[in-house]
Amino acid sequence: MSTPAHRAAGIVTRGLAAGIDLAVVLAVMGGIYVGVLFLRLLFSPQEFSFPDANAVLSVTLFIGVSVLYLTACWAVSGRTVGAVTMGLRVVSRNGELIGWLRALLRAVLCVMFGFGLFWAAVDGRRRSLQDILLRTAVVYDWDPDLHAVEPGT
Amino acid sequence: MDGRRAPDPLRLAAGVAATAGGALQRVIGLGVDTARLLPGVDPLLVTLEERGTQTLRSADELADRVLHAVLRRVVQVALQEVDLTTIVRDHVDLDVVAEGIDIQRIIDRVDVDAIAARVDIPQILDRVDIDAVAARINVDAIVDRVDVDSVIGRVDLVVLADTVIEGVDLPRIIRESTDSMSNEAVRGVRTQGMQADDAVAGFVGKLFGRGHEPDDA
Chain W
1 MSTPAHRAAG IVTRGLAAGI DLAVVLAVMG GIYVGVLFLR LLFSPQEFSF PDANAVLSVT
61 LFIGVSVLYL TACWAVSGRT VGAVTMGLRV VSRNGELIGW LRALLRAVLC VMFGFGLFWA
121 AVDGRRRSLQ DILLRTAVVY DWDPDLHAVE PGT
Chain Y
154 MDGRRAPDPL RLAAGVAATA GGALQRVIGL GVDTARLLPG VDPLLVTLEE RGTQTLRSAD
214 ELADRVLHAV LRRVVQVALQ EVDLTTIVRD HVDLDVVAEG IDIQRIIDRV DVDAIAARVD
274 IPQILDRVDI DAVAARINVD AIVDRVDVDS VIGRVDLVVL ADTVIEGVDL PRIIRESTDS
334 MSNEAVRGVR TQGMQADDAV AGFVGKLFGR GHEPDDA
């Protein structure tokens with residue numbers, strides 16, 4: 001399989017990857033919701049009723065799940081589900097994986113200030129605001145393993 | 154004559170000759186017996202008898218040989234003169250002869266295997282024009298005469314289908330095909346995403362009056 005050079009990815013692939021990741025997070029949230037329902041049904045079947053949607057709780061859960069999901073994925077392999085689908089990887093400037101701390105910071109920044117991604121469309125080097133702040137990069141990388149990432153990308 | 158038929162002269166002559174011969178034999182026998190009583194005559198008689206026996210045997214052989222030669226010559230000439238085939242055809246009822254022949258016994262005695270072993274099949278095949286034979290075969294007519302429904306009715310389709318399905322590794326086929334399908338799909342999405350990235354970058358670059366997209370990122 002011919003793979004492209006590890007150059008910076010553009011707004012379209014990154015946007016699609018972000019959309020897929022959003023769907024994954026929503027699916028996880030749905031799973032948590034259904035799981036909680038079953039737990040409640042299991043422990044108090046008499047008083048069971050469908051809980052009302054709590055906006056604050058939902059947003060908090062969304063932020064929590066997203067940050068956890070993105071942090072873990074970026075720190076472990078540099079790739080979320082969306083990134084795997086689109087053939088992307090989040091790396092540091094020297095082409096290595098970003099550490100847990102940077103992954104956590106980037107996840108929080110991405111979740112809270114998602115619009116920062118749009119800077120990648122305008123920036124000459126296709127960096128989002130988070131990339132500029134944390135000195136990270138998102139590159140095309142179709143290989144499943146990190147060793148193929150060339151330093152200096 | 155008193156109802157008796159006239160005597161046959163031939164028989165009369167034969168009777169006279171036999172009587173005369175018998176009398177002569179008796180006279181000779183009597184003579185011989187009498188002579189045997191004389192001393193010295195008996196060995197002579199024995200010698201004479203042996204000589205007579207030898208002479209008779211030689212005459213017999215000579216007669217045999219002459220007879221054979223004559224007969225052979227006669228038959229040869231006769232065969233030359235006579236058309237045996239025509240005679241057989243005219244006078245022999247061949248149907249009756251044929252009925253008397255036990256064909257089955259003849260067939261039993263024929264070693265068909267040995268005959269078959271002597272047949273050069275490839276040479277025969279070389280001389281047969283298979284194409285011409287095939288051209289003369291009316292396949293449609295043959296097919297029309299085949300009752301396909303009854304053939305199908307005799308086939309246990311369920312067992313057959315089970316056997317076929319057992320021989321096919323369906324999970325592996327599905328796995329491989331979906332693998333390749335998903336691989337192709339993912340490659341397509343990624344490639345198109347990259348092209349869209351480049352298109353957007355080019356558009357934005359033109360919008361901001363930038364030159365060519367910088368290679369490093």
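As you go down the protein sequences, you meet chains W and Y in turn.
The first sequence maps to residues 1 to 153 in the numbering used here.
The second sequence maps to residues 154 to 370 in the numbering used here.
Cβ atoms here follow ideal geometry from the backbone N, Cα and C, with glycine treated the same way.
It should be emphasised that the depicted structure is a prediction, and the values quoted were computed from it without experimental measurement.
Cβ of residue i within 8 Å of any chain W Cβ
i, result
"Y:Ala370", "With a pLDDT of only 39 at Y:Ala370, under 50, the local geometry of the prediction cannot be trusted, and no value is derived from it."
"Y:Val296", "no"
"Y:Val304", "no"
"Y:Val311", "no"
"Y:Val308", "no"
Partner residues on chain Y for residue i, Cβ-Cβ distance less than 9 Å
i, result
"W:Gly10", "Gly346, Met347, Ala349, Asp350, Asp351, Ala352, Val353 and Ala354"
Partner residues on chain W for residue i, Cβ-Cβ distance less than 8 Å
i, result
"Y:Val281", "Simply none; closest approach about 58 Å."
Chain-order list of residues whose beta-carbon lies under 8 Å from that of residue i (same chain, five-residue window excluded)
i, result
"W:Val65", "Val25, Val28, Met29 and Ile32"
"W:Leu61", "Met29 and Ile32"
"W:Phe43", "none"
"W:Arg127", "Ala8, Trp119, Ala120 and Ala137"
Chain Y residues whose Cβ lies nearer than 7 Å to that of residue i
i, result
"W:Tyr140", "Met347"
"W:Ala121", "Val353 and Val357"
C-beta neighbour in chain Y for residue i, strict 8 Å
i, result
"W:Asp133", "It is Leu, not Asp, that sits at residue 133 of chain W in the sequence shown. With 8 Å as the cut-off, W:Leu133 does not count as an interface residue toward chain Y."
"W:Leu16", "yes"
"W:Thr71", "no"
"W:Pro151", "Summary for W:Pro151: the model assigns pLDDT 45, below 50, so the residue's position carries little reliability; its value from the coordinates is reported in the next sentence. No, W:Pro151 lies away from the interface with chain Y (no Cβ there is under 8 Å from its Cβ)."
"W:Thr13", "yes"
"W:Pro198", "Past the edges of chain W, shown from 1 to 153, lies residue 198 of chain W, and the structure says nothing about it."
"W:Asp145", "no"
"W:Ala148", "No answer about W:Ala148 holds up, because its pLDDT of 48 lies below 50 and its placement is not dependable."
Chain-ordered neighbours of residue i on chain W, where CB pairs are closer than 7 Å
i, result
"Y:Val339", "Thr85"
"Y:Ser343", "It is Arg, not Ser, that sits at residue 343 of chain Y in the sequence shown. Neighbours of Y:Arg343 on chain W, chain order: Met86, Gly87 and Trp142."
Under 8 Å by beta carbon: chain Y residues contacting residue i
i, result
"W:Pro51", "Those do not exist, as W:Pro51 stays about 37 Å from chain Y at its closest Cβ, beyond 8 Å."
Cut-off 7 Å between Cβ atoms - residues of its own chain near residue i, not counting five sequence neighbours on either side
i, result
"Y:Ala170", "none"
"W:Ala18", "Gly82 and Leu117"
"W:Thr13", "Met86 and Leu88"
"Y:Arg262", "none"
Residue i Cβ short of 7 Å to the ligand ZN heavy atom set
i, result
"Y:Val292", "What this structure holds is no ligand at all, so the ligand ZN is not there to describe."
Contacts around residue i, its chain only, beta-carbon distance under 6 Å, and the 5 residues preceding and following it disregarded
i, result
"W:Trp100", "Ala75"
"W:Arg93", "Arg135"
"Y:Ala188", "Val194"
"Y:Arg210", "none"
"W:Pro151", "Low confidence applies here, because W:Pro151 scores a pLDDT of 45, under 50, leaving its location unreliable; read the following figure in that light. Only Asn94 and Gly95 meet the Cβ criterion."
"W:Leu16", "Met86"
Beta carbon proximity, residue i to chain B, threshold 8 Å
i, result
"Y:Arg307", "Given the protein chain composition of this structure (W and Y), no chain B is represented."
Given 8 Å as the limit, is there contact between the stretch 3–15 of chain W and the stretch 129–147 of chain W, that is, 3 or more CB pairs closer than that? yes
Three Cβ pairs or more, each shorter than 8 Å: is that satisfied between the stretch 39–53 of chain W and the stretch 160–168 of chain Y? no
The stretch 117–130 of chain W contacting the stretch 68–81 of chain W, beta-carbon criterion three pairs below 8 Å: no
Would you say the stretch 298–311 of chain Y touches the stretch 104–114 of chain W, given that touching needs at least three Cβ pairs under 8 Å? no
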